[in-house]
Structures are given as structure tokens and as C-alpha cells.
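As C-alpha cells, the structure follows; a few thoughts come after it.
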Amino acid sequence: MDWLTDPDIWIGFLTLLALEIVLGIDNLVFLSILSGKLPAGQQARARQIGLGLALIMRILLLLTLSWIIRLTAPLFTLIGHEISGRDLILILGGLFLLGKSTYEIHDRLEGESGHASARVAASFGAVIVQIVALDAVFSLDSVITAVGMVDQVGVMVAAVVAAVAIMMVAAGPISVFVDRYPTIKMLALSFLLMIGLTLLLDGFDVHIPKGYVYFAMAFSLLVELLNLRVRARSAAPVHFHQRYETDSGDGSSERAPSTRAAQPQPPSDDQ
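Numbering (the numbering used here), first residue to last: 167 to 437.
Below, the structure is given as C-alpha cells:
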């Protein structure tokens, strides 16, 4: 029971919990879009089932990766370093996070905005199948982030379970907050870049103490919260590209509901 009094474990748990919640917003957005294809009476049930499946998939992946990461026997040599199964998972996971976070940052700032989500038959089973496919992608992202943040499997599982439970209860308010302050989302993506780099270096036996990583994240978050407070009344919010729209059913598409403020319009000639 020594872990109960270990501050490093609690800091890792809370940091991972916050990251899992913020990075899970995309999952919630896609779930709301897909469940929106169903009759109103089935939408809440589809969202709950989708989040439940995401939780099960993430725990199974965590347990699998945690077993694989214990494989320390060298498999081959790369750039003068002996690479084991653990090292290979860390290197591939780090590259995945670096590529994924870079793609997401580009997609939010430079990507297309407003193409409709793929059509599926308006049946409960078809929507659940597509939710499972999306959960597989988001679960991989979530699990690799967890592996890069903490070392204890129990802490990883606890943070993932708590994050999904919070999203089940407070999906609406969380989505509204991140949608209102999209720089929080961008900060989380920058954290993914840092975690990806630490995973990559760890795969080559270059270990960065996690305390440094936690401090950098906490300091960046503090600065951003001060920015939000200072600029709350004086600056227009950042407007990110929205990747998906809901399907209105008549061949046209509508933007997914958003609380994001509209972009300020340039003054007209007569002003």
C-alpha cells in the first residue's frame, strides 16, 4: 500500500487523467456524430455503449502492451543499440504519437473544414460497428500515451477507467469547455509530441526523468490558464477547422453543434 503515499504516482495519475479526458474529446465528437444518425430514443444508449466498448478495448490493450513491454531480450541491433521487444514498442509508439499529434495539429489549423462523415445505414447495429472501428483507433492513441506517462499498470488502468467514467457523466460540459477554449486542445497535442519524444528516446535507452515532463506540462498549463484569464474579455477565441459535419439526411450536411464563437468579420466598406 506504499503507493497511496507516493506523490509521484498521484501526480502521474492526475496528469494522465487530465490528458485522457482532453484527448478523448475527439472520441466524444465522433460518437455524437455517429449516434446522431439514430432515432432520438437510441442516441444516448449508443453513446454509452460506445464509451463502454472504448473502455474495454483500452484496458485489454493496456494489459497486452504491459506484457509485451516486459520483453527485454535483444531482438536485433539498430544504430549500435540492442533493440528488445520493449524497446521496439516504445520506439514505434513514440513515432506514432509524434506523427499523430503533428497530423492533428495540421488538421486543426490547415486542414479541410466541414466534410460530412461517412454515411451508414440508419440501424443501431451498423452505427455500433462503426463506433467500434473508431474506438480501436482512439484506444491505440490513448494506451500509448498512458504507457509513456506512467510505469505502473494499475495507475494506467485507473486513469483510463476514471477518464471514461467522467466522460460518460460529463460529456456535454467537457466538450463545451474544450470547444470554447480550443487552445487547451492544442496544448494537449503539444504534450503528445513531448510524450512521443520521451518514448522514442526511452526505446534507445535515453531516459528522461518523468518529473521533468510533469513540471513542463504543469508550467505550460499554468501559463495557458493565465492567458485565458487575461484574454477572456479582450480577444476573440481561436477557430479550429472542424473535420466532420453531421449528415442532415437530405443529401446536405450541417456542421456539428458547437459552442465556439464565430470568427470576427472584417469591417465592411461603409463602416
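From the three backbone atoms N, C-alpha and C, an ideal C-beta is built for every residue, glycine too.
| Check | Outcome |
| --- | --- |
| Cβ-based neighbour list, leucine 254, same chain, cut-off 8 Å, excluding 5 preceding and 5 following | Leu241 and Gly369 |
| Enclosing beta strand (DSSP E) for serine 250 [first to last residue] | 247-250 |
| Cβ pair leucine 189, threonine 311 closer than 8 Å | yes |
| Paired residues, beta bridge with proline 240 - DSSP | Ser250 |
| Cβ-based burial, asparagine 393 [other Cβ within 10 Å; buried from 16] | exposed |
| Terminal residues of the alpha helix (DSSP H) in which isoleucine 215 lies | 206-234 |
| Nearest residue (CA-CA) to glycine 246, options Ala324, Val319 and Asp371 | Asp371 |
| DSSP three-state assignment for glycine 190, whether helix, strand or coil | coil |
| Beta-carbon proximity list for proline 205, same chain, < 6 Å, skipping 5 on both sides | none |
| At least three beta-carbon pairs within less than 8 Å, the region 376-393 to the region 327-337 | no |
| Among Val298, Met334 and Phe343, nearest to leucine 219 - alpha-carbon criterion | Val298 |
| Backbone CA spacing between glycine 377 and glutamine 208 [nearest angstrom] | 45 Å |
| Residue environment, tyrosine 347, which counts as buried when at least 16 other CB atoms sit within 10 Å | buried |
| When Ser232, Arg211, Thr268 and Gly178 are compared against leucine 352, the one with the closest alpha-carbon | With the sequence shown as reference, residue 352 is identified as methionine, and leucine is not the correct amino acid for it. Comparing Cα positions, the closest option is Thr268. |
| Whole beta strand (DSSP E) elements within the region 299-351, 3-residue minimum | none |
| Collapsed DSSP secondary structure at glutamate 276 in the structure displayed | coil |
| Closest residue to leucine 355 among Ser305, Arg274 and Phe290 (Cα-Cα distance) | Arg274 |
| Nonlocal neighbours in the same chain, by C-beta distance under 7 Å from phenylalanine 357, ignoring five residues either side | Leu185 and Met383 |
| Valine 396: first and last residue of the uninterrupted alpha helix (DSSP H) it sits in | 376-397 |
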